[in-house]
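Numbered per UniProt numbering, the sequence shown spans residues 1 to 291.
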Amino acid sequence: MLNGIVVKAYNSYYYIQSGSKIVTCNLRGRFKKGRFSLIVGDEVAYTLTGPEEGIIEEILPRRSMLKRPMVANVDQVVLTFAAVNPDISLSLVDRFLVIAEFSELEIILCINKIDLTDAEVVAELVERYQQIGYKVLSIAAKLGTGIEQLYAQLHDKISVFAGPSGAGKSTILNAIQPGLGLTTGEVSQKIGRGKHTTRFAELLPFEGGGFVVDTPGFSFTEFKDMEEAHLMDYFPEISPIAPKCKFSTCIHYKEPQCAVKKAVAEGFIHADRYQSYLDILNEIRENKKGY
Ligand code: GDP
Ligand code: ZN
């Protein structure tokens, strides 16, 4: 049997990338009975029934699962923000980081459009998130600056891009590989794609290995699935301090003798990050009330 990865699902056909070719496959009948659904990103074993056709015989275990868009085995997310135009919102960065942590993805924070602002502004941004332990890259996709370093991170992995519209996601992908042919902001808004049409995600292969999901990931509705007691787990600088709080049930809000609040006061945790924590905590509570 041969191995491959589902890059596209359409009607009851699955397009399998196998080496350098795409094989169009059907599912073996026995799979169709169960509730199991094969999705983009799944690894399969298949047998050939023609030069470019085959039947899927086996589905290999999933390593991970992203819900929106629905893709299996995504390794990492590239959170993309423009330093300016649109101006970076640090609270939005934190919201994206929390969703990415919740989704158990490796994270690359990518600050784009550094050609439009001062080097010190960029350096401060990079340092702020590096201190927490995040991998941060600063790039100018339009000029090709930093693209090689970014590509080195994408190689041989399945990556999804996320971030506000206009940050430069399509420009970045086109800079990495013009063949991906993604339309940049202005164009795709004009033809109204994305907002009103439901599309299934596809994996686009990089020439040198690895894939990128063609649709940007995440929606903030995922805060609904979070428990307030677990929110701290998605802040890498808060969770290690939490065990030092007086109460084991401390959520670092109004409890006395809270080690996290102490760390904020002493400057070990950035006040902006703690504020983001409180904002999301409140949002989770409001959501719970709605039920
Ligand atoms: P997306 O919505 O995240 O896919 O963003 P786009 O890739 O469509 O980019 C939005 C706009 O920003 C386009 O007009 C791009 O030409 C521009 N842009 C992207 N990267 C850069 C950059 O590094 N520097 C500058 N000055 N403009 C950029
Ligand atoms: Zn506490």
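Note that beta-carbon positions come from the ideal geometry of N, C-alpha and C, so glycine has one too.
Check: residue i C-beta below 7 Å from any heavy atom of the ligand GDP
{"i": "residue 215", "result": "no"}
{"i": "residue 116", "result": "yes"}
{"i": "residue 83", "result": "no"}
{"i": "residue 162", "result": "no"}
{"i": "residue 21", "result": "no"}
{"i": "residue 8", "result": "no"}
{"i": "residue 143", "result": "yes"}
{"i": "residue 167", "result": "yes"}
Residue i CB to nearest heavy atom of the ligand ZN below 7 Å
{"i": "residue 252", "result": "yes"}
{"i": "residue 264", "result": "no"}
{"i": "residue 255", "result": "yes"}
{"i": "residue 260", "result": "yes"}
{"i": "residue 229", "result": "no"}
{"i": "residue 25", "result": "no"}
{"i": "residue 245", "result": "yes"}
{"i": "residue 242", "result": "yes"}
Exposed unless 16 or more other CB atoms sit within 10 angstroms - verdict on residue i
{"i": "residue 138", "result": "buried"}
{"i": "residue 60", "result": "exposed"}
{"i": "residue 16", "result": "buried"}
{"i": "residue 171", "result": "buried"}
{"i": "residue 246", "result": "exposed"}
{"i": "residue 80", "result": "buried"}
{"i": "residue 161", "result": "buried"}
{"i": "residue 186", "result": "Note on residue 186: pLDDT 42, under 50, position unreliable in the model; no value is reported."}
Beta strand (DSSP E) segment containing residue i, residue limits
{"i": "residue 112", "result": "106-112"}
{"i": "residue 160", "result": "158-162"}
{"i": "residue 55", "result": "53-59"}
{"i": "residue 231", "result": "Segment: none, residue 231 is in no beta strand (DSSP E) and carries neither H nor E."}
Those residues which DSSP pairs with residue i across a bridge
{"i": "residue 17", "result": "5 and 22"}
{"i": "residue 135", "result": "108"}
{"i": "residue 65", "result": "72"}
{"i": "residue 205", "result": "211"}
{"i": "residue 200", "result": "For residue 200, which the question treats as bridged, DSSP gives no partner whatsoever."}
{"i": "residue 145", "result": "140"}
Run of the alpha helix (DSSP H) containing residue i, from where it starts to where it stops
{"i": "residue 171", "result": "169-176"}
{"i": "residue 93", "result": "90-102"}
{"i": "residue 271", "result": "271-289"}
{"i": "residue 260", "result": "259-265"}
Cβ of residue i within 8 Å of any chain C Cβ
{"i": "residue 116", "result": "In the structure shown, chain C does not exist; there is a single protein chain."}
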